[in-house]
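One structure below.
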Amino acid sequence: MLDCATVEEKPIRLVAGLGNPGTEYVATRHNIGFMVVDQFAAQFGSTWQRSRKWDALSAKCGAVLLIKPLSFMNRSGYPLFAVAQFYKIAPQEILVVLDDFSLPLGRLRFRARGGPGGHNGLESIIMQFETEEISRLRIGIGAAPREGSVDYVLSRFFQEEKPLVRSTIDRAVEAVKCSVDNGLVSAMNTFNPESSRGEQAEKV
1 MLDCATVEEK PIRLVAGLGN PGTEYVATRH NIGFMVVDQF AAQFGSTWQR SRKWDALSAK
61 CGAVLLIKPL SFMNRSGYPL FAVAQFYKIA PQEILVVLDD FSLPLGRLRF RARGGPGGHN
121 GLESIIMQFE TEEISRLRIG IGAAPREGSV DYVLSRFFQE EKPLVRSTID RAVEAVKCSV
181 DNGLVSAMNT FNPESSRGEQ AEKV
């Protein structure tokens, strides 16, 4: 299991689900981060509010603030940074929920830090905060073709994939709750694929 000393434990105060605004992007692969925080808010009985201070929707769930940037994926860092500045939330107190086409559909993977891994939304966040010390929950959306990855992430899930997508969103919500309630180390050891094989969870 992961040694707690390898990850600096700070409580998660802000959970940001990434996606693109607009009806044309609803239920696309790239928007699975939106889907997860939408379900989290619904289960908590919270409603989304839009603030004039930043281009994002927010929902309060107890001590945790949920955020959906409305700036389009490539500029996700701008509203998220504004929210964090306003509430005095450190980068290490943020969890970003995002899609990952390098992971099989349904796979979850927490990381405590690291580069953007080719994800433009995460890259924008890292650039704005000027640090890679931002936790993230990557959600597998299935392998993209070598060419046409943009079209792939903006496509909707196939009908035969939808049952797995629904169960993946359910598990992702539980994973986010675990990280909030028990800390990132516990969530990594519970939900990262390595932990299911009795191996050490990712340290970074």
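Residue numbering for the sequence shown follows my numbering, beginning at 1 and increasing consecutively.
Every residue gets a Cβ at the ideal spot worked out from N, C-alpha and C, and that includes glycine.
- A straight-line Cα-Cα distance of about 25 Å links residue 41 and residue 113.
- C-alpha of residue 24 to C-alpha of residue 43: approximately 25 Å in a straight line.
- Of the residues 141, 145, 52, the one whose Cα lies closest to the Cα of residue 106 is 141.
- When the beta-carbon positions are compared, residue 98 and residue 171 stay at least 8 Å from each other.
- DSSP links residue 100 through a beta bridge to 140.
- Under DSSP, the beta-bridge partners assigned to residue 68 are 57.
- In this structure, residue 27 lies away from residue 69, with their beta-carbon atoms at least 8 Å apart.
- The C-alpha of residue 93 lies about 6 Å from the C-alpha of residue 11.
- Under the three-state reduction of DSSP, residue 26 is assigned to coil, being neither helix nor strand.
- Between residue 96 and residue 66, the C-beta gap is not smaller than 8 Å, which leaves the two residues out of contact.
- Shown here, residue 149 sits in a helix according to DSSP, grouped into three states.
- With the rule of 3 Cβ pairs closer than 8 Å, the stretch 73-82 counts as touching the stretch 43-58.
- At the C-beta level, residue 134 and residue 126 come within 8 Å of one another.
- Just measuring C-alpha positions, the residue of 103, 122, 74, 137 sitting nearest residue 111 is 137.
- Put simply, the backbone Cα of residue 51 is about 17 Å away from that of residue 34.
- 29 is the residue among 49, 19, 29, 22 whose C-alpha sits nearest the C-alpha of residue 159.
- Our two residues, residue 39 and residue 173, have alpha carbons roughly 7 Å apart in a direct line.
- One thing to note: residue 63 has its Cβ no nearer than 8 Å to the Cβ of residue 14.
- Residue 18 sits close to residue 121, with the two beta carbons spaced by under 8 Å.
- In this structure, residue 179 keeps its C-beta atom at 8 Å or more from the C-beta atom of residue 101.
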